[in-house]
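Let me begin by presenting the structure, written as C-alpha cells, before commenting on it.
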Amino acid sequence: MQLIRRIACAISGGVDSAVSALLLKQKGHNVVGIYMINWDHQDEEDSSCPRTKDQADAEEVCRTLGIELHIVNFVREYWNSVFVNMLENYKRGRTVVPDIDCNRYIKFDLLHKFAFDKLGVDAVATGHFARIKQQDPQDKIRLLAGRDPLRDQTYFLASLTQDQLRRSIFPVGDLLKTEVKQIAKEAGLLTVAEKKESVGICFVGKKKVFDNFLAKYIDPVENGRFVDEFCNELPGCSHSGIHNFTLGKRLRCVRTQKMDMRLTSCDGFYVSRIDPLTQTIHLCNGSHHPSLFATKFAVMSPHWISGDGKSQTEKLISEGNAANLEFRLQRNTPTIKCKLSQHPSNDEMLVVEPRRPIRAAADGQTCVFYFGDECLGCAEITGVVETLHEKSRSSLS
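Listed below in C-alpha cells is the structure:
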C-alpha cells in the first residue's frame, strides 16, 4: 500500500464508494474518480436509481473531496457482455446474477483498463465490502469476506482473477456499514450518507414489475404448460414464458384461459422444476415440499481465485470434504457446509452435496465456495442431481 501513489476510485453516487475515495485521500494518495454509465436510461424515467441522479451525486462527492471525476460510457459493452447473456439465460428458464458478470467483464476489466491506460494509476479502488490478503509479494492473493457479515460482497467478486485482485483495493472492507455512514456524515457527505440504497437491478425501477421489464425484451410463448407434482397437466391453464419463473417462486393462483376462473392452493403453488424444451412449469404444493430441496446438485467449470484450476478442484475433493468447505447461493444467506465429488459422466462438472438439503438450487445460479472467511471461487449450477423428494422415495423402495 505504501508504494501506491495514484489511485482511481469507482464513484457510483453511493456512500460506500464515496467513503472509499475519502479514506484513500486521507492517507495521502492522489485519488481520481471514475463514474461508469452502463445503461441507457432514456426510456426509464421512473427508475428508482436514474443515471442523472447517481451521476449528480458522484459529481457532488468529487467536488466535496476535491478530486477530479472522469465519466466513461460502457453501455454497449454492458449490453453485449452482461445484459444479452442475462436475457438468453432467462429465455432458457435459468436464474443468473448479472452483478457477477458486471464485475468480471466491466468494473474489474474495462474500468481497470481505462484507469491504467488513460489515467496512469497504480491501482483501482471500489466500495465493495471485501478484503484482500497477501503475506508476501510472491504469494497468491486471497479474497476474504468483509468485516461486516451483513454487508459482505465477496459473493459478487468470486469470479475475479489473481490479476484483477492484484490491481484492486477495497478501502471499506474492514468497516461496518454503520461506520461508513458515520464517516460520510462527519466529512459532510450528507447526500450520499442519507441516500436510500438501490436493491436488485436498478435500471428496472421500483415501479416496474421485473416480469414486465423482461417482456420488453423477450417475446412471449403461447400456451406454456403447468403440471402438478404428479406430472398431470393443469387443465385450461397456461403461461406466456418460462422467463417469468424461477425455482421456488410462489404462485398464489394459476389463471385459466377463462379469466374469471382460477385454480388455487391453500398452501400456495411453488415452482419445483422448469423444462425449457417444452416450456413446462412443474408445480408443487407448499413452500416446504421436498421436491423444492436439493440433496445434490451439479455445477459446471469451477473458477478458483487461486488460479490453480484442476489441481485446486482435486485438492478440494480429496481434502475439502473433511474440512470446513462451505458454499452459498445468494449473497445474504448463511454459508452451508458441503462436500464435493467429480461428476460421474462429465469431467467438467462437480457434484455438490450440502450438509443439509438446500432450497431452490436453480439452474444458472452461482454457487460460491468458502473456507472460513476466505472466498475460494465459484461455479454455475447446471441442474439438481437429487431432490429430497427423490431421496425419500428411493429409500422406501
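Going by this note's numbering, the sequence shown opens with residue 21, and the numbers climb by one from there. Quick reminder that beta carbons are idealized off the backbone N, C-alpha and C, glycines included.
- prompt: At which residue ranges does the region 351 to 396 contain complete beta strand (DSSP E) runs of 3 or more residues, listed in the order of the chain?
  reply: Segments of the beta strand (DSSP E) lying fully in the region 351 to 396: 356 to 362, 369 to 374, 386 to 391.
message: Between the alpha carbons of residue 295 and residue 180, how many angstroms are there, rounded?
response: Between residue 295 and residue 180, the C-alpha separation is close to 31 Å.
message: Along the chain, where does the beta strand (DSSP E) containing residue 302 start, and where does it finish?
response: Residue 302 -> beta strand (DSSP E) spans 300 to 305.
- prompt: In chain order, what residues of the same chain have a beta carbon less than 7 Å from the beta carbon of residue 121, not counting five sequence neighbours either side?
  reply: Contacts found: 101, 102, 105.
query: Which one or two residues does DSSP pair with residue 272 in a beta bridge?
result: Partner(s): none; residue 272 has no beta bridge.
task: Quick one: grab the DSSP three-state call for residue 344.
output: In this structure, DSSP gives residue 344 a state outside helix and strand, which the three-state scheme calls coil.
- prompt: Can you tell me whether residue 330 is buried or exposed, with buried defined as 16 or more other CB within 10 angstroms of its CB?
  reply: Under the 10 Å beta carbon count, residue 330 is surrounded by fewer than 16 other beta carbons and is classified as exposed.
task: May I ask you to list the residues that DSSP assigns as paired with residue 56?
output: 92, per the DSSP bridge assignment.
query: Below 8 Å, can you find three or more Cβ-Cβ pairs linking the region 384 to 397 to the region 177 to 191?
result: Output reads yes: the region 177 to 191 touches the region 384 to 397.
message: Taking the alpha-carbon of residue 138 as reference, which of 182, 40, 92, 171 has the nearest alpha-carbon?
response: With distances taken between CA atoms, residue 138 lies nearest to 92 out of 182, 40, 92, 171.
task: Sort out for me which residues DSSP pairs residue 244 with in a bridge.
output: Its beta-bridge partners are 259.
field: Neighbour-count burial assignment, residue 364, 16 or more Cβ in a 10 Å radius
entry: Burial call: exposed.
query: Between which two residues does the beta strand (DSSP E) carrying residue 310 extend?
result: Unbroken run through residue 310: none, as it is neither H nor E.
field: Cut-off 7 Å between Cβ atoms - residues of its own chain near residue 279, not counting five sequence neighbours on either side
entry: Residue confidence for residue 279 is low, a pLDDT of 46 falling below 50, so the modelled location carries little weight and cannot support an answer.
Complete beta strand (DSSP E) runs within the region 137 to 182 (minimum length 3 residues, chain order): Within the region 137 to 182, the complete beta strand (DSSP E) runs of at least 3 residues are 143 to 145, 150 to 153, 162 to 165.
query: Taking C-alpha atoms, which residue in 334, 248, 187 lies nearest to residue 371?
result: Of the candidates 334, 248, 187, 334 places its Cα closest to the Cα of residue 371.
task: Take residue 404 as the anchor and find which of 27, 46, 267, 37 has the nearest alpha-carbon.
output: Taking the Cα of residue 404 as reference, the smallest distance to any Cα among 27, 46, 267, 37 is reached at 267.
message: Using the Cβ count rule (16 or more neighbours within 10 Å means buried), how would you classify residue 281?
response: Here the model assigns residue 281 a pLDDT of 46, short of 50, so the residue's position is not dependable, and the following value carries that caveat. Exposed is the label assigned to residue 281, since fewer than 16 other Cβ atoms lie within 10 Å of its Cβ.
- request: Find the nearest neighbour of residue 166 within the set 366, 408, 151, judged by alpha-carbon distance.
  value: With respect to the C-alpha of residue 166, the residue from 366, 408, 151 having the closest C-alpha is 151.
- prompt: So which of 378, 310, 360, 238 has the shortest CA-CA distance to residue 337?
  reply: Of the candidates 378, 310, 360, 238, the residue whose Cα lies closest to the Cα of residue 337 is 360.
- prompt: With 16 other CB atoms within 10 Å as the buried threshold, where does residue 255 fall?
  reply: When all chains shown are included, residue 255 counts as exposed.
field: Residue(s) in a DSSP beta bridge with residue 253
entry: DSSP, once it has assigned bridges, lists 247 as partnering residue 253.
task: Report the rounded CA-to-CA distance for residue 271 versus residue 262, giving the unit in angstroms.
output: Whole-angstrom Cα-Cα distance: 13 Å.
task: State the Cα-Cα distance for the pair residue 127 and residue 357, rounded to the nearest angstrom.
output: Taking the straight line joining both Cα atoms gives about 31 Å.
message: So the candidates are 353, 344, 377; which of them puts its Cα closest to the Cα of residue 308?
response: Looking at the Cα atoms, 377 is the closest of the given residues.
query: Less than 9 Å separating the beta-carbons of residue 387 and residue 291?
result: No. Outside cutoff.
message: Tell me the rounded alpha-carbon separation between residue 186 and residue 163.
response: If you take the alpha carbons of residue 186 and residue 163, they lie about 10 Å apart.
- prompt: Using CA coordinates, which residue listed in 109, 259, 42, 55 is at the minimum distance from residue 95?
  reply: Nearest of 109, 259, 42, 55 to residue 95, Cα basis: 55.
message: Relative to the C-alpha of residue 374, which candidate in 326, 317, 188, 367 has its C-alpha closest?
response: For residue 374, the nearest C-alpha among the options comes from 317.
message: Between the alpha carbons of residue 197 and residue 74, how many angstroms are there, rounded?
response: Rounded to the nearest angstrom, the two C-alpha atoms are 20 Å apart.
- prompt: Starting from residue 27 and walking both ways along the alpha helix (DSSP H), at which residues does that stretch end?
  reply: Segment 26 to 30 is the beta strand (DSSP E) holding residue 27; no alpha helix (DSSP H) there.
message: Going by beta-carbon coordinates alone, are residue 141 and residue 28 separated by less than 9 Å?
response: In this structure, residue 28 lies closer than 9 Å to residue 141 by Cβ.
message: Do residue 302 and residue 247 have their beta-carbon atoms positioned less than 9 Å apart in this structure?
response: The Cβ-Cβ distance between residue 247 and residue 302 falls below 9 Å.
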